[in-house]
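Asks: Chain order of the listed sequences is A and B.
Residue 277 in our numbering sits at position 240 of the first sequence; the count goes up by one each step and never skips.
Residue 655 in our numbering sits at position 303 of the second sequence; the count goes up by one each step and never skips.
This is the structure I have questions about; it appears just below.
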Amino acid sequence: MTTPLLQVRGLVREFGHGPGLVRAVDDVSFDVMQGEALGLVGESGSGKSTTARCVLRLIEPTAGEVRLDGEDMLALGGPALRRLRSTAQLVFQDPYSSLNPRMTVADIIAEGIRIHRPRESSTTVKDEVVDLLELVGLRPDHLTRKPAAFSGGERQRIGIARALALKPKLLVCDEPVASLDVSIQAQILNLFADLRERLDLTLVYIAHDLSTVRHLCGRIAVMQDGKIREIGTREQIYEDPQHEYTRALMAAVPEPDPRSERAKLAARRSAQTTEAGRP
Amino acid sequence: MSTQARSDTSAPVEVGQAMLSVRDLTVTFPSADGPIRAVNGMSFDVRPRERLGIVGESGSGKSVTAQALLGLTPRDHTTGSIVFEGEDLLTAPQDRLRALRGWDISYVFQDPLSALDPTRTVGHQVAQPLLLRRVPKKEAHRRAVEMLGEVGIPDPARRARNYPHQFSGGMRQRVMIAMALIGQPRLVIADEPTTALDVRVQAKIIDLLYRLTDEQGVAVVFITHDLGILAGLAERVIVMYAGRVMEECSTDELYYRSIHPYTLGLLESLPRISGPVPERLLTIGGGPPAPSRLPTGCPFHPRCQYVQPECRTTPPPLERPPGGEHASACLRAAWLAERPGELR
């Protein structure tokens with residue numbers, strides 16, 4: 038058996054202190070194998086984004102162990118940590134606030150390359166940036182424009198190109214389609230699927246939305262109150278959910294199917310009346 | 353009674369029964385690049401007790417339509433008519449509109465945190481519509497507490513003394529709904545009321561709105577970008593795109609027998625939680641046009657896979673087949689109607 042690309046053990050992150058102490062992440066452990074896509078699903082406050090940020094060490098975990106590509110992420114510091122960080126990159130939720138409005142697309146994408154390989158010639162950097170743009174479905178003439186000239190979907194493509202610039206093995210995506218128009222979400226989901234295949238990328242995909250995760254991820258972890266309630270393959274989670282919380286979450290997802298939605302609504306209503314009718 | 357039976361019996365209603373009739377509504381905003389048409393010739397009716405869904409992406413004009421229904425768009429930029437129970441809201445005096453708003457017609461906004469006043473108690477804000485109408489303070493407060501209980505806030509008497517920041521997102525949205533209902537309106541306009549909420553809370557808000565129409569006879573216009581949300585709640589759906597109505601029909605017709613390429617494309621592109629997982633999702637290419645740069649002809653034509661030469665020049669009118677209820681603004685509507693399901 039090969040070692041996982043990402044290994045998380047007993048991860049804990051606390052905020053506040055004294056009586057106001059909150060355990061946002063409470064003893065979370067999981068593995069992600071090379072080439073796999075793991076979905077991290079939960080409602081707001083479930084700790085899914087905090088988990089992702091701890092994994093990338095954008096915030097310091099209170100306790101636990103994170104091994105990325107065989108190296109102890111939490112023991113490293115300085116240049117060694119920086120080097121390891123190029124192995125795992127983040128795609129943000131909001132394509133408006135996550136791109137510097139004063140930088141051109143070329144500079145946004147090249148920034149990471151310039152920091153990690155400061156001696157690289159500018160023609161090589163430019164060639165790489167053009168390739169990246171093409172990879173995410175944008176055109177070379179977009180290079181000199183600034184983020185304001187782009188729609189939400191195009192901005193998200195720029196954010197993805199930036200994340201890919203350092204040739205990471207792991208891409209952590211935090212709700213990357215949540216703020217996009219419905220007709221654009223499918224385009225970006227397809228782009229992730231393509232990139233995985235072409236670049237042999239490993240994904241950790243965070244979402245509150247069970248349907249996008251089902252489309253993209255082969256394995257899914259369901260989080261609630263900082264804990265993983267259930268983790269399993271797509272088939273296990275969607276066809277035979279074991280945890281009560283997973284089932285409740287699944288039942289609440291609105292599907293574009295009036296007959297089944299009306300049936301669900303009627304079931305909820307009769308459950309409510311029986312509850313109310315109890316002495 | 354099953355929901356299926358109800359929606360079937362309530363479907364064929366005479367047009368004369370409409371409580372709200374919108375005709376040729378057009379809202380134009382001035383801008384540096386010339387006038388922007390946010391809403392372009394919208395016409396539709398809302399019947400008493402009806403749950404009407406309006407669905408659209410950003411820039412479709414759905415929220416501007418909501419604002420127009422409340423008389424909140426600038427009058428000199430709004431044309432057409434919006435007749436509510438015999439009265440045109442676009443020509444009615446402002447004080448008459450103020451009397452209607454929050455009383456006969458009320459609204460629920462998307463973001464309850466910015467719509468609620470952080471410095472006043474929730475009870476006071478819910479009672480506000482009554483206080484403005486000189487209902488005695490004690491009575492107004494009693495009814496506010498009652499209403500908070502009705503929308504499912506536990507321990508309403510105590511919670512009424514709390515401030516908005518002490519409520520969770522879902523509970524705040526319930527407060528907004530309580531505020532919208534306290535004047536016993538006949539029409540509630542809800543603009544993306546569940547968008548920022550978790551799915552389980554979303555379902556509770558949907559149940560609440562359903563109960564309102566079912567038990568209290570309130571009509572609801574539910575505006576959203578989410579076709580999933582409308583499937584269970586709406587009886588009829590209007591699909592908007594670039595300020596125009598693309599399709600209008602009963603909910604089942606829309607989801608199972610759409611005859612507009614835009615709606616078909618949207619439905620195809622949605623990832624689902626059941627059924628086979630496709631390798632790739634089918635997508636509509638491109639994105640919705642900015643209202644300031646609308647294409648000529650049918651606004652959807654640059655993204656349409658069934659485009660015809662005429663589509664590029666003339667916007668197709670919204671047409672119902674003779675005797676039919678299913679309206680589509682597409683030259684290929686009849687052709688699509690002959691191929692139900694084949695294109696999915």
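The C-beta atom is built at its ideal place from N, Cα and C for all residues, glycine as well.
Only a predicted model underlies this, so the values are computations on that prediction, with no experimental measurement involved.
According to DSSP, is B:Ser699 helix, strand or coil?
Replies: Here chain B has residues from 353 to 696 only, and residue 699 of chain B is not among them.
Asks: For the beta strand (DSSP E) containing A:Arg264, list its first residue and its last residue.
Replies: Just to set this straight, residue 264 of chain A is Lys in the shown sequence, not Arg. Lys264 to Thr270 is the span of the beta strand (DSSP E), which, as asked, contains A:Lys264.
Asks: Can you tell me where the beta strand (DSSP E) with B:Leu484 in it begins and where it stops?
Replies: Looking at the DSSP string, B:Leu484 is not in any beta strand (DSSP E); the run it does join, the alpha helix (DSSP H), is Val474 to Leu484.
Asks: Counting only Cβ pairs nearer than 8 Å, list the residues of chain B close to A:Met287.
Replies: Neighbours of A:Met287 on chain B, chain order: Ile625.
Asks: When you compare the CB of B:Ala370 with every CB in chain A, is at least one pair closer than 8 Å?
Replies: No, no contact with chain A.
Asks: Check whether the region 288 to 307 of chain A touches the region 570 to 581 of chain B, counting contact only when three or more Cβ pairs, one atom from each stretch, lie closer than 8 Å.
Replies: Yes: at least three Cβ pairs fall under 8 Å.
Asks: Mind listing the chain B neighbours of A:His252? Cutoff is C-beta to C-beta under 9 Å, in chain order.
Replies: The answer, in chain order, is Pro623, Arg624, Val629, Pro630 and Leu633.
Asks: Give the straight-line distance between the Cα atoms of B:Asp376 and B:Val391, rounded to the nearest whole angstrom.
Replies: Roughly 9 Å separates the two Cα atoms.
Asks: What did DSSP end up calling B:Phe652 once you bin it into helix, strand or coil?
Replies: Three-state result, B:Phe652: coil.
Asks: Can you tell me which residues form a DSSP beta bridge with B:Gly405?
Replies: Paired residue(s): B:Phe574 and B:Val589.
Asks: Any idea if B:Asp550 is buried or exposed, counting beta-carbon neighbours within 10 angstroms, 16 or more meaning buried?
Replies: Looking at its Cβ environment, which holds 16 or more other Cβ atoms inside 10 Å, B:Asp550 is buried.
Asks: Just to confirm my understanding: we take B:Val365, look at its own chain, exclude 5 residues before and 5 after, and list those with CB closer than 7 Å. What are they?
Replies: Summary for B:Val365: the model assigns pLDDT 42, below 50, so the residue's position carries little reliability; its value from the coordinates is reported in the next sentence. Once the five neighbours on either side are set aside, the close Cβ partners of B:Val365 are Arg399.
Asks: Quick one: grab the DSSP three-state call for B:Cys682.
Replies: Coil, per DSSP.
Asks: Taking 8 Å as the threshold (C-beta atoms), are B:Ala542 and B:Ser460 in contact?
Replies: Here residue 460 of chain B is Val; the residue named in the question, Ser, does not match the sequence. Yes; because the gap between Cβ atoms is below 8 Å, this pair is in contact.
Asks: Could you tell me the boundaries of the beta strand (DSSP E) in which A:Met317 lies?
Replies: Only positions 38 to 316 of chain A appear in the structure, and residue 317 of chain A is not among them; the question remains open.
Asks: Mind checking if B:Val540 is an interface residue toward chain A, Cβ cutoff 8 Å exclusive?
Replies: No, because no Cβ of chain A sits closer than 8 Å to the Cβ of B:Val540.
Asks: By the 10 Å Cβ neighbour count, where 16 or more other Cβ atoms means buried, how is A:Leu95 classified, buried or exposed?
Replies: Exposed: under 16 other Cβ atoms inside 10 Å.
Asks: Across which residues does DSSP place A:Val128 in a beta bridge pair?
Replies: In the DSSP output, where bridge partners are listed per residue, A:Val128 has A:Cys210.
Asks: Looking only at its chain, what residues have a beta carbon closer than 7 Å to the beta carbon of A:Thr99, apart from the 5 residues adjacent to it on each side?
Replies: Closer than 7 Å at the Cβ level, and outside the excluded window around A:Thr99, lie Val49, Arg50 and Glu51.
Asks: With a threshold of 6 Å on Cβ separation, who are the neighbours of B:Ala685 within its own chain once the five nearest residues in sequence on each side are excluded?
Replies: Excluding positions up to five away in sequence, the list reads Ile611.
Asks: Excluding five sequence neighbours on each side, which residues of the same chain lie with their C-beta closer than 8 Å to the C-beta of A:Gln71?
Replies: Once the five neighbours on either side are set aside, the close Cβ partners of A:Gln71 are Thr39, Pro41, Leu42, Lys206, Asp237 and Thr239.
Asks: Which bits of chain B does A:Ser86 rub up against, with CB to CB less than 8 Å?
Replies: The premise fails here: A:Ser86 is roughly 14 Å from chain B at the closest Cβ pair, so nothing lies under 8 Å.
Asks: Verify whether the separation of the beta carbon atoms of B:Pro613 and B:Phe652 is less than 8 Å.
Replies: In this structure, B:Phe652 lies closer than 8 Å to B:Pro613 by Cβ.
Asks: Could you spell out where the alpha helix (DSSP H) holding A:Asp168 opens and where it closes?
Replies: A:Asp168 -> alpha helix (DSSP H) spans Ser159 to Leu172.
Asks: Assign B:Pro382 to one of two classes, buried (16 or more other C-beta atoms within 10 Å of its C-beta) or exposed (fewer than that).
Replies: Classification of B:Pro382: exposed, given that the 10 Å Cβ count is below 16.
Asks: Looking only at C-alpha atoms, which of A:Ala285, A:Asp168 and A:Gly114 sits nearest to A:Ala385?
Replies: Here chain A has residues from 38 to 316 only, and residue 385 of chain A is not among them.
Asks: Out of A:Ile197, A:Leu118, A:Ile225 and A:Ser297, state which residue places its alpha-carbon closest to the alpha-carbon of B:Gly639.
Replies: Per the Cα distances, A:Ile225.
Asks: Looking at A:Glu267: is its Cβ nearer than 8 Å to the Cβ of A:Thr249?
Replies: Not in contact: A:Glu267 and A:Thr249 (Cβ atoms no closer than 8 Å).
Asks: If you count every other CB in all the chains shown that lies within 10 Å of the CB of A:Thr87, and 16 or more means buried, which is it?
Replies: With 16 or more Cβ atoms within 10 Å of its Cβ, A:Thr87 is classed as buried.
Asks: Using a Cβ-Cβ cutoff of 9 Å, what residues of the region 634 to 650 of chain B are near chain A? List them in chain order.
Replies: Under the 9 Å Cβ criterion, the region 634 to 650 of chain B contributes Leu634, Thr635, Ile636, Gly637, Gly638, Gly639, Pro640 and Ala642.
Asks: Can you tell me whether B:Thr361 is helix, strand or coil according to DSSP?
Replies: Confidence at B:Thr361 is low in this model, with a pLDDT of 38, below 50, so the placement of that residue should be treated as unreliable; the coordinate-derived value is given next. In the structure shown, B:Thr361 sits in a helix (DSSP, three-state: H, G or I).
Asks: Between which two residues does the beta strand (DSSP E) holding A:Gln44 run?
Replies: Residues Leu43 to Phe52.
Asks: Beta strand (DSSP E) containing A:Arg60: first to last residue?
Replies: Counting along the chain, the beta strand (DSSP E) containing A:Arg60 begins and ends at Val59 to Val69.
Asks: Give a single yes or no on whether A:Thr88 has its beta carbon closer than 7 Å to a heavy atom of the ligand FAD.
Replies: This structure does not include the ligand FAD; it has no bound ligands of any sort.
Asks: Go ahead and label B:Ile457 buried or exposed: buried means 16 or more other beta carbons lie within 10 angstroms of its beta carbon, across all protein chains shown.
Replies: With 16 or more Cβ atoms within 10 Å of its Cβ, B:Ile457 is classed as buried.
Asks: What is the C-beta distance between B:Leu619 and A:Asn227, in whole angstroms, given that I count them as a contact (C-beta under 8 Å)?
Replies: Rounded, the Cβ-Cβ distance is 16 Å, inconsistent with contact.
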